[in-house]
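Numbering (UniProt numbering), first residue to last: 1 to 236.
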């Protein structure tokens, strides 16, 4: 989030900037070859991903709030699908996720890239507009109350969210809870073994044993190891 804040106010919501940064971090984790500090290597990929996103989506004019919200909802759905399935969704899959037609989806995406004016007549777009349409422009289409409005969809928010999803595939629920509490993956501060033991109704020795076994599992995973290292560096 620290890096993302440097690019706020340049056409993308903070949440979108964080999501782009997270994708950059994932790329860094996949390409890291253990030479040099991972934090420095990751920062390069995070900045490059955010700069690319800002460069391709920044608007020459300020978008209406309703339009901007629709763009953000679509992006959250894309990143949520990527997190769950390991790939970006197709247009049909994405339109189903956000509850709109493929034609409307394409219009919103084109507007977000600056390829289509919000006031462009819908008659010029395949599948929309025409004599029977009561909506004359993209702005009206997106603001149309009769159109289904997607609920907010969760995406990958930051490194903590990525780690929580990833460790759940490696550790059992109790081990996950111990690691989340010890290493501030629950959004709070880092906790000592004694405090975690009290929270879980266990002993300090048992918590330490679970920590050692869990970290051994996590560090044996090549993709998880750099993500965990980056998180530990951020909370030290």
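Every residue, glycine too, gets a C-beta built ideally from N, C-alpha and C.
Next on the checklist: Report the start-end ranges of each alpha helix (DSSP H) in the region 168-221 that is 4 residues or longer and not cut off at the edges.
Outcome noted: Listed in chain order, they are 173-182, 193-200, 204-219.
Next on the checklist: I need the DSSP call for residue 100, collapsed to helix, strand or coil.
Outcome noted: Here residue 100 carries a coil assignment [DSSP, helix/strand/coil].
Checklist entry - residue 92 by DSSP, collapsed to three states: which one? => result If DSSP states are grouped into helix, strand and coil, residue 92 belongs with the helices.
Checklist entry - At which residues does the alpha helix (DSSP H) containing residue 24 begin and terminate? => result The continuous alpha helix (DSSP H) containing residue 24 extends over residues 14-31.
Item to check | Among 98, 198, 186, 172, the one whose alpha carbon lies nearest that of residue 217 | outcome: It is 172.
Checklist entry - Expressed to the nearest angstrom, what Euclidean distance is found between the alpha-carbon atoms of residue 53 and residue 13? => result Looking at the two C-alpha atoms, the distance is approximately 11 angstroms.
Checklist entry - Between the Cα of residue 17 and the Cα atoms of 28, 3, 175, which residue gives the shortest distance? => result With distances taken between CA atoms, residue 17 lies nearest to 3 out of 28, 3, 175.
Checklist entry - What is the rounded straight-line gap between the Cα of residue 38 and the Cα of residue 86? => result Going from the Cα of residue 38 to the Cα of residue 86 covers about 23 angstroms.
Checklist entry - Sorted by chain position, which residues of the same chain lie with C-beta nearer than 6 angstroms to residue 31's C-beta, five sequence neighbours on each side aside? => result Result list for residue 31: empty, nothing under 6 angstroms.
Next on the checklist: Suppose the cutoff is 8 angstroms on Cβ atoms and the five residues either side in sequence are ignored; what does the same chain contact list for residue 92 look like?
Outcome noted: Closer than 8 angstroms at Cβ, skipping near neighbours: 102.
Checklist entry - Do residue 182 and residue 191 have their CB atoms nearer than 8 angstroms? => result Yes.
Checklist entry - In whole angstroms, what is the alpha-carbon distance linking residue 185 and residue 107? => result If you take the alpha carbons of residue 185 and residue 107, they lie about 38 angstroms apart.
Checklist entry - Buried or exposed: residue 79, going by 16 or more other Cβ atoms within 10 Å of its Cβ? => result With 16 or more Cβ atoms within 10 Å of its Cβ, residue 79 is classed as buried.
Item to check | Where residue 219 falls, given that 16 or more other Cβ within 10 Å makes a residue buried | outcome: Result: exposed.
Next on the checklist: Nearest by alpha-carbon distance to residue 211: which of 180, 198, 83, 72 is it?
Outcome noted: Checking every option, the nearest Cα to that of residue 211 belongs to 180.
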